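Notes follow the structure.
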Amino acid sequence: MPRNSLKMNVLLAGASFLMVFAAVEIFLRLTVYNFQNYVLSPGPNALYVIETDEFKTCIQTNSLNMRDYEIKPKGAQERRILCLGDSFTFGLGVNIPEAYPKILENLLNRNAANLNGWSVINGGTGGNAHQAYEFLMKTGFSFQPDTVIVQIYIGNDFYDNMGRLAGPVSGRVAVSPDNPFKVFIRSQKCRTLEFLWSRLIQIRWIDDILYSCHLRYGSRGHFLRKYPGLEEQLKNMELEDLKRIKDACDARGVSMMALLVPEKQQVFMKRFLSDEKYDYRKPNRILRSFFGTNGVPVMDMLDVYESLPERELKKQYYSRDLHWTADGHVLAARTLKERLS
């Protein structure tokens, strides 16, 4: 083959590859990755709109930078519940009346025996139990709650402690969500590579190679049957903060409850996390054991979801966004109401 023809074929092949790659990139950005980055609390007395192809919600914060109405002084016969948690409690994807704290308030007040009834305050912030504890101590107890409900998201609450690690962790098999390859992909904002990576890690032999090379990805490490050093430390940090919340509530005569929110892969992809290496229920068991030991009632939504028919189950989460739909918030509120009744 003449050299010029070879060069031309190589150029044509390269151009064809780039065109296909660009087409796939555009398609993924318009479909699978058609979402916005958004903040939880833009500041006190803020008002703005988040709109995606799945939802449009109005985000409004009060003078205390909470996604709730202004908190009035507590009435003499009023019963108060303070909900602590992350973006699920904050209510990303729904409007204020559609988030589970306000739905729970309405459900409780249907059968309220006193005139003042119940108030359920939305104290949802970003982060995990560490941020919840800080909010509780700084602001939450000033509302004089009778009960504190702590919502925990299995998807990232353990890993949200990564920023507080002081130094290296021994036995670090699971290298956190900040895997160098993943950081590189996201820094380049190439959705095609990100999509390809998300599919490759579901192949068992690739998963085994990454595991044997002490590399991890995403947040699947907390589903490992045997925790490496990092996951063990992150788990302990989370439990320590939850214990601080429990102790603070006990010291003030405030009751505490817990609400466990499953990650979507626990609900819809658990077949990939149910084998000799992974246990999709492990984080939930750890938390339930902790709360049981400390006398804290716990509502595990994973149990609720596994009793639902598939048609109803799919209504609980948005298809692409990780958060609950309005139906998901309604079911959570009803589950809590049954426990409080």
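Under the numbering used here, the first residue of the sequence shown is numbered 8, with each subsequent residue one higher. Beta carbons are placed, not taken as given, at the ideal position from N, Cα and C, and that holds for glycine. Since the model is a prediction, treat every value here as computed from it, not as a measurement.
Bounds of the beta strand (DSSP E) holding Asn129 are Trp125 to Gly131. When secondary structure is reduced to three states using DSSP, Tyr107 falls in the helix class. Separation of the CB atoms of Ser262 and Asp153 is rounded to 7 Å, and the pair is thereby assigned contact status at 8 Å. Beta-bridge analysis with DSSP links Leu267 to Ile159 and Asp307. Note: Trp331 is bridge-paired with Tyr324 in the DSSP secondary-structure output. DSSP, reduced to helix, strand and coil, places Ile88 within a strand of the structure shown. For Leu99, there is no enclosing alpha helix (DSSP H), as DSSP marks it with neither H nor E.
For Glu77, no beta strand (DSSP E) segment is defined, and its DSSP state is neither H nor E. When Cβ pairs closer than 8 Å are counted between the two stretches, the segment 132 to 152 is seen to touch the segment 162 to 169, the count reaching three or more. Per the C-alpha coordinates, the member of Gly130, Asp257 and Met276 positioned closest to Phe230 is Met276. A contact between stretches requires three or more CB pairs, one per stretch, nearer than 8 Å, and the segment 292 to 305 fails this requirement with the segment 319 to 328. The beta carbon of Ala340 lies closer than 7 Å to those of Tyr107, Ile110, Leu111 and Leu114 in the same chain, with the five residues before and after it left out. With a 10 Å radius around the Cβ and a threshold of 16 neighbouring Cβ atoms, Arg74 comes out buried. Proximity to Thr199 across Asp328, Ser326, Phe97 and Glu32 peaks at Glu32, based on C-alpha coordinates. Taking 4 residues as the minimum length, the alpha helix (DSSP H) runs contained wholly in the segment 198 to 248 are 198 to 207 and 211 to 219, in order along the chain. In this structure, Ile208 sits near Asp214, with a CB-CB distance shorter than 8 Å.
Per DSSP, Leu71 lies in no alpha helix (DSSP H) segment and is marked neither H nor E. DSSP, read as helix, strand or coil, puts Glu313 in coil. Residue environment analysis places Ala139 among the buried positions, since at least 16 neighbouring C-beta atoms fall within 10 angstroms of its C-beta. Short of 8 Å from the beta carbon of Met308, and not among the five residues preceding or following it, lie these beta carbons of its own chain, in chain order: Leu266, Leu267, Val268, Pro269, Leu338, Ala339 and Thr342.
Non-local beta-carbon contacts of Phe297 in its own chain, meaning distances under 7 Å to residues more than five positions away in sequence, involve Leu246 and Leu249 in chain order. Burial is judged here by how many other beta carbons sit within 10 angstroms of a residue's own beta carbon; Asp254 has fewer than 16 and is exposed. Burial of Cys256 is indicated by the presence of at least 16 other C-beta atoms within 10 angstroms of its C-beta.
Around Arg295, the same chain offers Leu267, Val305 and Asp307 as residues with beta carbons nearer than 8 Å, after the five sequence neighbours per side are excluded.
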